[in-house]
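Student: Numbering (the numbering used here), first residue to last: 222 to 426. Glycine is no exception: its CB is placed at the ideal position from the N, C-alpha and C atoms. Quantities reported herein were computed from a predicted structural model and do not represent experimental measurements.
Here it is, written out as structure tokens:
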């Protein structure tokens, strides 16, 4: 039996995933968490085969959560289930230690297949994720951004201001502004409008 930990801050999403997994004979929901902090506590106290995590949750989430989980339990397999397209985050998630990346729009059968493949030691990526990994090898400007800078970039493009971004990521406004300045320098753009254009041209949104 494959023991799965579900990590998503929306209870309706977790309930839906539990129903899908309950219909199988080889996958069992062995735990669930509504935050990254709660997931980390569960992983410290229990053993799971696969953790299926959302990328965007309040507090500890995304790349930071993947790294912390792998640090705590190196053998834990991680499948990212996210609303963000593979092109945005897949390469970074895999680099951080995830074994697969799946969009929340994916069919249930694809998700179950990905869980089984990852639990068996494989890796699951889609075409967009493969393209993203190829881009990383080609050395596009946004690949030089740190994980935190990339997160700030995504929120800036979504239209959030420094104060809102600071609240979302638990950073000071000054730190967010510093990240923004570095992002503009690394991407060689001069304004938020140009930043949005760059993100659209490179399918980061």
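1) Can you tell me the Cα-Cα spacing of residue 337 and residue 238, whole angstroms?
2) Cutting at 6 angstroms between CB atoms, please list the residues of its own chain near residue 282, excluding the five before and the five after it.
3) From residue 300 to residue 334, what distance separates their C-alpha atoms?
4) Can you grab the Cα-Cα spacing for the pair residue 267 / residue 314, in whole Å?
5) Below 8 angstroms on the Cβ atoms is my contact criterion, and I expect residue 293 with residue 264 to pass it. Report the Cβ-Cβ distance as a whole number of Å.
6) Roughly how many angstroms lie between the CA atoms of residue 296 and residue 412, to the nearest whole one?
7) Straight-line CA distance for residue 232 to residue 253?
8) Quick one, which of 261, 398, 343, 379 has its alpha-carbon nearest residue 286's?
9) Classify residue 328: buried if its beta carbon has 16 or more other beta carbons within 10 angstroms, exposed otherwise.
10) Could you give the first and the last residue of the continuous beta strand (DSSP E) run that contains residue 227?
11) Please go through the same chain and pick out, in chain order, the residues whose beta-carbon is closer than 7 angstroms to the beta-carbon of residue 372, but skip the five residues on each side of it.
12) Using only CA atoms, which one of 404, 406, 415, 322 lies nearest to residue 304?
13) Go ahead and pull the three-state DSSP assignment for residue 344.
14) Please name the residue in 222, 425, 410, 244 whose C-alpha comes closest to that of residue 330.
15) Report the CB separation of residue 271 from residue 235 in whole angstroms; it is logged as a contact under 8 angstroms.
16) Residue 414: buried (16+ other C-beta within 10 angstroms of its C-beta) or exposed?
Tutor: According to the data block:
1) 15 angstroms
2) 257
3) 11 angstroms
4) 23 angstroms
5) 5 angstroms
6) 43 angstroms
7) 10 angstroms
8) 261
9) exposed
10) 223 to 228
11) 283, 390
12) 322
13) coil
14) 244
15) Actually they do not touch by this definition, with Cβ atoms about 15 angstroms apart.
16) exposed
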